[in-house]
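Residue numbers (the numbering used here): -3 to 72.
In this text, a Cβ means the ideal position worked out from N, Cα and C, and glycines have one as well.
Quick notes on the structure that follows.
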Amino acid sequence: MSKIKNGRIWDGLSLWNNNLDKKFDGVEECYICFAVLHPGTYQLPRLSCQTCKKKFHSACLVSGTMFYFMNRGASL
């Protein structure tokens, strides 16, 4: 059991370290999850907004859009 927990802690620390490395290399973070590497897909933000020119992870856009429409429908 401790091996599994340590593995998850190590994975989290490794992801955090990779995010810092990318940040200092000048890669812009996603403005939805505020991470350089997506925590689930480990991808860089690639999709950019035509208005503000900020970059986003595709997974964040999908989940953010679904969240918006689900909450919008509930308030009507």
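- ASN14 sits close to LEU33, with the two beta carbons spaced by under 8 Å.
- For VAL23, the closest alpha carbon among the candidates GLY8, PHE52, VAL58 and THR47 is that of PHE52.
- DSSP, reduced to helix, strand and coil, places PHE30 outside both helices and strands of the structure shown, so it counts as coil.
- Taking all protein chains shown into account, CYS56 has 16 or more neighbouring C-beta atoms within 10 Å of its C-beta and is therefore buried.
- In summary, CYS45 is exposed, with fewer than 16 beta-carbon neighbours lying within 10 Å of its beta-carbon over all protein chains present.
- With distances taken between CA atoms, ARG42 lies nearest to LYS50 out of LYS50, GLY36 and PRO35.
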